[in-house]
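I have placed the structure first, in the form of structure tokens, so that the comments after it can refer back to it.
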Ligand SMILES: *[C@@H]1O[C@H](CO)[C@@H](O)[C@H](O)[C@H]1NC(C)=O
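Residue numbers (my numbering): 1392 to 1595.
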């Protein structure tokens, strides 16, 4: 009976440690010492943050974009992670805007697509200002404002792709893959900012 209880407790601890630490190394240590040890390798820290994102399909891009900086930045924390993801979003926004601009002359003979591309260009041109505002808000650790700026970016993105969705000939934007990355990165920033807001609320 007692043995079963002990076994269950150990099992519970191991399970919990598996939930919190994704490295097999941490599980090994947890089993050996019968207590969970928080192994804070940069990989474990970034992964534990990225896998908490609302949509797990975005955890991969979160990990891939944030880890390189986590490995080289001392005292890496969630604010730094948000800064890195914001930069990644900025790079991708500029890249996508350049693609949209380059597509405009190619579709000059198609009024439908031209109109959608013009609309997308306008929407995407508003994003760098939001990024600037987000960076400024992040500098004073105003996660709520960062969250609001990325929510703005996501609505510009949606307005853009929606104009294509309404088109019969081209329901998918010719730059859809790049726009999807903008949306993924911006949503990650939104989620990380929300995670900071929740954490600040919990710690008085
Ligand atoms: C994106 O473009 C804006 C506006 O042109 C510029 O200020 C910003 O530095 C660019 N972002 C990156 C990451 O290069």
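Built from N, CA and C at the ideal position, the CB exists for glycine as well.
| query | So, helix, strand or coil for residue 1498, using DSSP? | reply | helix
| Touch check for the segment 1431-1442 and the segment 1460-1474: three-plus C-beta pairs under 8 Å? | yes
| task | Starting from the Cα of residue 1574, find the closest Cα among 1465, 1471, 1483, 1442 and give me that residue. | result | Cα-wise, what sits closest to residue 1574 is 1483.
| query | With distances taken from each beta carbon to the nearest heavy atom of ligand 1, which residues come in below 5 Å, in chain order? | reply | 1481, 1482, 1485, 1519
| Helix, strand or coil at residue 1553 [DSSP, three-state] | helix
| query | When the distance is taken between beta carbons, is residue 1551 closer than 8 Å to residue 1498? | reply | no
| query | In whole angstroms, what separates the C-alpha of residue 1453 from that of residue 1504? | reply | 32 Å
| Other residues of its chain near residue 1392: CB distance less than 6 Å, five sequence neighbours each side excluded | Bear in mind that the predicted position of residue 1392 carries a pLDDT of just 43, short of 50, making it unreliable; the figure below should be weighed with that in mind. None.
| query | What residue range is occupied by the uninterrupted alpha helix (DSSP H) comprising residue 1433? | reply | 1433-1441
| said: I'd like to confirm something about residue 1585: is its beta-carbon nearer than 7 Å to some heavy atom of ligand 2, or not? | reply: Within the structure as shown, ligand 2 is missing, the only ligands being ligand 1.
| task | Return helix, strand or coil for residue 1412, following the three-state DSSP convention. | result | Residue placement at residue 1412 cannot be trusted, given a pLDDT of 45 that sits under 50; what the coordinates show is reported in the next sentence. Coil, per DSSP.
| query | Which class does residue 1487 belong to by DSSP, given the choice of helix, strand or coil? | reply | helix
| message | Whole angstroms are fine: how far does the CA of residue 1432 sit from the CA of residue 1415? | response | Interpretation of residue 1415 is limited by its pLDDT of 44, a score under 50 that renders its predicted location unreliable; no figure is taken from the coordinates.
| query | Assuming residue 1490 contacts residue 1512 under a Cβ cut-off of 8 Å, what Cβ separation, rounded to an integer in Å, is found between them? | reply | Between residue 1512 and residue 1490 the Cβ distance is about 10 Å, and since that is not below 8 Å, they are no contact.
| task | Could you say which of 1592, 1471, 1456 lies nearest to residue 1480 if we only look at CA atoms? | result | Nearest option by C-alpha distance: 1456.
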